[in-house]
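Engineer: Counting in my numbering, the sequence shown runs from 1237 upward without gaps. Structure below; questions to follow.
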Amino acid sequence: MEVSLANRVMALTPSSTLAITAKAKELKAQGVDVIGLGAGEPDFNTPQHILDAAVQSMQEGHTKYTPSAGLPALKKAIIGKFEKDQGLTYNPNEIIVANGAKHALYTLFQVLLNEGDEVIIPTPYWVSYPEQVKLAGGVPVYIDGAEQNQFKITPEQLIKSITKKTKAVIINSPGNPTGVLYTAEELLELGKVCIEEDVLIVSDEIYEKLVYGGHKHISIAQLSPELKDQTIIINGVSKSHSMTGWRIGYAAGNKQIIEAMTNLASHSTSNPTTTAQYASIAAYNGPVEPVEEMRKAFENRLEIIFDKVVAIPGFSCVKPQGAFYLFPNVKRASELTGFNNVDDFVAALLVEAKVAVVPGSGFGTPDNIRLSYATSLEQLEKAVSRIHRFVESKLVG
Ligand SMILES: Cc1ncc(COP(=O)(O)O)c(C=O)c1O
């Protein structure tokens, strides 16, 4: 049969992060000793009390459909989390639970964008933002989060990129792939522009709990009632509670937007998986210690590994303040080792040094690579010394 696919999916670029993970797994299955630094998920198991709550919910018979926007008890737990962590108050009709933060974002763009509407995306960006915007008929407009400015965008850049068609801007703090963390002052300045120009702020806060060096995560929505009004917060349990496979995320904000998202969900997913919702109630209502223990483990790895990474010839790196990635600029290293570009350098790293990293080209920044430190310290140290040896062995001149 001749297959003819819809135009909207023909233009889709496959996720570069998932592609590298798949390639590393394939090599491992062939018996090659590859160390994968491509992971976008914590390497810890989901905390025990969450597993227990999931099992208990099933045994009690909670195995049926739930409301499309999520269980009232889960919404209550999420509302409690916002009050405790950000001092933000939401009503239940201002929250929708989705099948992961990725799905919350997907649904949001579907209900928000008309053909040709623009969404401003700072680079480097998380790989799914542009694709999701395009799938909804929107147009991604990129702003260069300059490395010299710690990958942050400025209010001046934001003003310049706003047009009559601008619908929203995405702010991802702490950010993937850079670990960038915006301060309250910086967010206020960006927020001022969004209010003046009436641009919706999509604040992706999925790495909220993974912040280091005594820094604190601030949500742009907590800075003023006007900014809360102007913002849809996206968050979830994937990264904070090591629950990537459970697929629970959510959006919070304007009730008309949330209602439209709920209508769409009612015809697409019906509801997020019931068991995973019960697990997420336990995540938010349960002890905070397991979350803090994971955060500390990530911070410890960052401290140990960062100095080793910047010691590699031709590597330079902005020190991340959150998430679990390093995003070094390796343009100089690829030149010093005789490669034409960073993509070729990354391909050789996998084949020759047996280390899988993600090329920055997938994040809109071709001079960098993303190293995830969501793997054991032992593996990390081994991987970084392999990269170091690889670069030294290839130095030309
Ligand atoms: C910036 C960012 N937003 C959203 C997500 C999606 O999270 P979830 O697993 O909840 O769909 C990810 C996952 O990698 C991410 O890095």
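Glycine included, every Cβ here is placed at the ideal spot set by N, Cα and C. Remember, it's a predicted structure, so these values are computed and weren't measured experimentally.
Report yes or no: do the region 1494–1503 and the region 1401–1420 share at least 3 C-beta pairs separated by less than 8 Å?
Structural biologist: No, they do not touch.
Engineer: Is it buried or exposed for Thr1302, if we count other Cβ within 10 angstroms and need 16 for buried?
Structural biologist: Numbered from its first residue, the sequence shown carries residue 1302 at position 66. When all chains shown are included, Thr1302 counts as buried.
Engineer: Taking the continuous alpha helix (DSSP H) assigned at Ser1476, which residues delimit it?
Structural biologist: Reading the sequence shown from its first residue, position 240 is the one you call residue 1476. First-last for Ser1476: undefined, no H or E at that position.
Engineer: Use the C-beta contact count for His1646: other C-beta atoms within 10 angstroms, 16 or more gives buried, fewer gives exposed.
Structural biologist: Limits of the chain in this structure are 1237 at one end and 1633 at the other, which puts residue 1646 out of reach.
Engineer: Whose CB is closer than 6 Å to a heavy atom of ligand 1? List the residues in chain order.
Structural biologist: After applying the 6 Å Cβ criterion, the set is Gly1276, Gly1336, Ala1337, Lys1338, Trp1362, Asn1408, Asn1412, Asp1440, Ile1442, Gly1472, Ser1474, Thr1480 and Gly1485.
Engineer: Taking Leu1341 as the reference, which of Val1405, Gln1368 and Glu1432 has the closest Cα?
Structural biologist: The count along the sequence shown starts at 1 and reaches residue 1341 at position 105. Taking only the C-alpha atoms, the option nearest Leu1341 is Gln1368.
Engineer: Would you list the residues sitting across from Asn1565 in a DSSP beta bridge?
Structural biologist: The residue labelled residue 1565 in the question sits at position 329 within the sequence shown. DSSP output for Asn1565 lists Ser1552 and Asn1604 as bridge partner(s).
Engineer: Would the region 1456–1466 count as touching the region 1422–1441 if we require 3 or more Cβ pairs under 8 Å?
Structural biologist: At 8 Å Cβ cutoff, the stretches touch.
Engineer: So which of His1624, Gly1596, Thr1505 and Gln1458 has the shortest CA-CA distance to Val1546?
Structural biologist: Locating residue 1546 in the sequence shown gives position 310, where the first residue counts as 1. Of His1624, Gly1596, Thr1505 and Gln1458, the residue nearest in Cα terms is His1624.
Engineer: Going by alpha carbons, who is nearest to Ala1559 out of Ala1515, Glu1628, Gly1267 and Asp1440?
Structural biologist: Residue mapping note: residue 1559 aligns to position 323 of the sequence shown, counting from 1. When only C-alpha atoms are compared, the closest one is Asp1440.
Engineer: Taking the beta strand (DSSP E) that Ala1334 falls in, what are its first and last residues?
Structural biologist: Counting from 1 along the sequence shown, the entry for residue 1334 is found at position 98. Residues Ile1331 to Ala1334.
Engineer: What residue from Glu1444, Tyr1514, Pro1461 and Gly1481 has the CA that sits closest to Asp1279's CA?
Structural biologist: Reading the sequence shown from its first residue, position 43 is the one you call residue 1279. Out of Glu1444, Tyr1514, Pro1461 and Gly1481, Gly1481 has the C-alpha closest to the C-alpha of Asp1279.
Engineer: Among Thr1299, Arg1606, Asn1604 and Ala1533, which has the Cα closest to the Cα of Glu1614?
Structural biologist: Residue 1614 sits at position 378 when you count from the first residue of the sequence shown. Nearest of Thr1299, Arg1606, Asn1604 and Ala1533 to Glu1614, Cα basis: Ala1533.
Engineer: In chain order, what residues of the same chain have a beta carbon less than 6 Å from the beta carbon of His1451, not counting five sequence neighbours either side?
Structural biologist: One-based indexing of the sequence shown puts residue 1451 at position 215. Only Leu1417 and Gln1557 meet the Cβ criterion.
Engineer: What would DSSP say about Asn1281, mapped onto helix, strand or coil?
Structural biologist: Mapped onto the sequence shown, residue 1281 falls at position 45. Coil.
Engineer: So for Ala1337, helix, strand or coil by DSSP?
Structural biologist: In the sequence shown, counting from the first residue as 1, residue 1337 sits at position 101. Helix, per DSSP.
Engineer: Within the same chain, show all residues whose beta-carbon is closer than 7 Å to that of Gln1386, passing over the 5 residues directly before and after it, in chain order.
Structural biologist: Here residue 1386 refers to the residue found at position 150 when the sequence shown is read from its first residue. Closer than 7 Å at Cβ, skipping near neighbours: Val1416 and Val1554.
Engineer: Just to confirm, is the Cβ distance from Val1627 to Ala1569 under 8 Å?
Structural biologist: Residue 1627 sits at position 391 when you count from the first residue of the sequence shown. Residue 1569 sits at position 333 when you count from the first residue of the sequence shown. Closer than 8 Å, so yes.
Engineer: So Asp1580 is in the beta strand (DSSP E); what residue range does that whole segment cover?
Structural biologist: Here residue 1580 is taken as the residue at index 344 of the sequence shown, counted from 1. Note, Asp1580: premise wrong, no beta strand (DSSP E); alpha helix (DSSP H) at Val1578 to Ala1584.
Engineer: Is DSSP giving Ser1439 helix, strand or coil here?
Structural biologist: Reading the sequence shown from its first residue, position 203 is the one you call residue 1439. Looking at Ser1439 - three-state DSSP - the assignment turns out to be strand.
Engineer: Could you pull the start and end residues of the beta strand (DSSP E) that Tyr1378 belongs to?
Structural biologist: The residue you call residue 1378 lines up with position 142 of the sequence shown. Its beta strand (DSSP E) spans residues Val1375 to Asp1380.
Engineer: For Gly1472, decide whether its Cβ has a neighbour in chain C, counting only Cβ atoms nearer than 8 Å.
Structural biologist: This model lacks chain C altogether, as it is built from one protein chain only.
Engineer: According to DSSP, which residues form a beta bridge with Val1591?
Structural biologist: Taking the first residue of the sequence shown as position 1, residue 1591 is located at position 355. In DSSP, Val1591 forms a bridge with Ile1271.
Engineer: Which value, in whole angstroms, describes the spacing of the CA atoms of Val1347 and Asn1327?
Structural biologist: By one-based count along the sequence shown, residue 1347 stands at place 111. By one-based count along the sequence shown, residue 1327 stands at place 91. Each residue's alpha carbon lies about 20 Å from the other.
Engineer: According to the neighbour-count rule (16 or more other Cβ atoms, all chains shown, within 10 Å of its Cβ), is Gln1513 buried or exposed?
Structural biologist: Here residue 1513 refers to the residue found at position 277 when the sequence shown is read from its first residue. Buried.
Engineer: Does the Cβ-Cβ distance between Leu1426 and Pro1376 come in under 8 Å?
Structural biologist: The residue labelled residue 1426 in the question sits at position 190 within the sequence shown. The residue labelled residue 1376 in the question sits at position 140 within the sequence shown. Against a cut-off of 8 Å, the Cβ pair of Pro1376 and Leu1426 comes out as no contact.
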